[in-house]
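Q: One structure, as structure tokens, below. Some questions next.
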């Protein structure tokens, strides 16, 4: 498991592009037959990928980093499959996930194993994990069952659908909030006008992005913005003080995950367009 430290906004103002990538961008989440995990000290959030191709992948890591005897002893886990159909075994119970399905795994689950149905068309499981103080049941939700709503407009190039999976009115959790946003063809902007939510950090993972395309991810304080060039299946850490927005050279999909003081999806501080610098 790789480690990223929390950063003060005054410090980040001095970062060059390489340092921004080192601290906030996660480039290699999906390696065949491997588990990749990144622990950020922003709310002790973990971002990861499990990519079972010809072998199953088990959720294991260096437990000294977490101070526990098994991964989910004091944690909860959200999983969204961005690949083809696969399954997840949680303490012997099997959950089949089609593309863009979500599985929440509650605190106390001891064994989590990721499988693909077809090695030629493997599943790709994107993971978010947060510390938990209470156990909620393991729950599977399909894309069709998600709490979905349309936002934006073609006039503003941000016509998109937001799918909420793990949130205060959906799958219950201790603090993890997780969902997915799909931009319609011909739309490129996400989360603009921008906002911050000082009570929660967030992580994005961009996918369904053509190989030759990029998303220019905006971050930083509203009056001290910075940017990162994001490519397909790359993730980015967004501290609670930072905006998190972006524009692509084509439409794309991204998964958002949050942790912090509350689970209220709408709890955000809006930033007026005229305030951005």
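Numbering (the numbering used here), first residue to last: 228 to 504. Here a beta-carbon is modelled for each residue, glycine too, at the ideal position from N, C-alpha and C. These figures come from a predicted structure and were not determined experimentally.
Per DSSP, which one or two residues make a beta bridge with residue 368?
A: The partner list for residue 368 (beta bridge, DSSP) reads 329.
Q: Taking only the alpha-carbon atoms, compute the straight-line gap between residue 292 and residue 425 and give it to the nearest angstrom.
A: Rounded to the nearest angstrom, the two C-alpha atoms are 26 Å apart.
Q: Within the continuous beta strand (DSSP E) that includes residue 321, where are the two ends?
A: Element bounds for residue 321: 320 to 324.
Q: What residues are listed by DSSP as bridge partners for residue 379?
A: Looking at the DSSP assignment, residue 379 forms no beta bridge with any residue, so it has no partner.
Q: Going by the CB atoms, is the gap between residue 479 and residue 410 shorter than 8 Å?
A: Yes, they are a contact pair.
Q: Let me confirm a value: residue 504 is counted as buried when at least 16 other C-beta atoms fall within 10 Å, else exposed. Which label applies?
A: With fewer than 16 Cβ atoms within 10 Å of its Cβ, residue 504 is classed as exposed.
Q: Assess, as a yes-or-no matter, whether the stretch 287 to 306 is touched by the stretch 455 to 470 under the definition of 3 or more beta carbon pairs within less than 8 Å.
A: No, the stretch 455 to 470 does not touch the stretch 287 to 306.
Q: Would residue 290 be called buried (16 or more neighbouring beta carbons within 10 Å of its own) or exposed?
A: Exposed, because fewer than 16 other Cβ atoms sit within 10 Å of the Cβ of residue 290.
Q: Which residue comes first and which comes last in the beta strand (DSSP E) that contains residue 272?
A: Segment 272 to 277, the beta strand (DSSP E) holding residue 272.
Q: Return the chain-ordered list of same chain residues with a C-beta closer than 7 Å to the C-beta of residue 247, the five sequence neighbours on each side being excluded.
A: Closer than 7 Å at the Cβ level, and outside the excluded window around residue 247, lie 453 and 455.
Q: Please state the DSSP three-state secondary structure of residue 285.
A: Strand, per DSSP.
Q: Considering only DSSP beta bridges, list what residue 456 is partnered with.
A: According to DSSP, residue 456 bridges with 443.
Q: Whole-angstrom Cβ separation of residue 492 and residue 391, contact assumed at under 8 Å?
A: The pair is a contact, with the Cβ atoms about 6 Å apart (cut-off 8 Å).
Q: Round the Cβ separation of residue 319 and residue 365 to the nearest angstrom and send it over; I've been treating them as touching at under 8 Å.
A: The Cβ separation is near 12 Å, so there is no contact.
Q: Just verifying my parser: in three-state terms, what is the DSSP assignment at residue 177?
A: Outside the displayed span of the chain (228 to 504) sits residue 177, for which this structure offers no information.
Q: Does DSSP put residue 342 in a helix, in a strand, or in coil?
A: Looking at residue 342 - three-state DSSP - the assignment turns out to be strand.
Q: Based on Cα-Cα distance, which residue from 444, 280 and 240 lies nearest to residue 450?
A: Comparing Cα-Cα distances from residue 450 to each of 444, 280 and 240, the minimum goes to 240.
Q: Could you give the DSSP three-state label for residue 236: helix, strand or coil?
A: Three-state result, residue 236: helix.
Q: Pull the bridge partners of residue 302 from the DSSP assignment, please.
A: Bridge partners of residue 302: 358.
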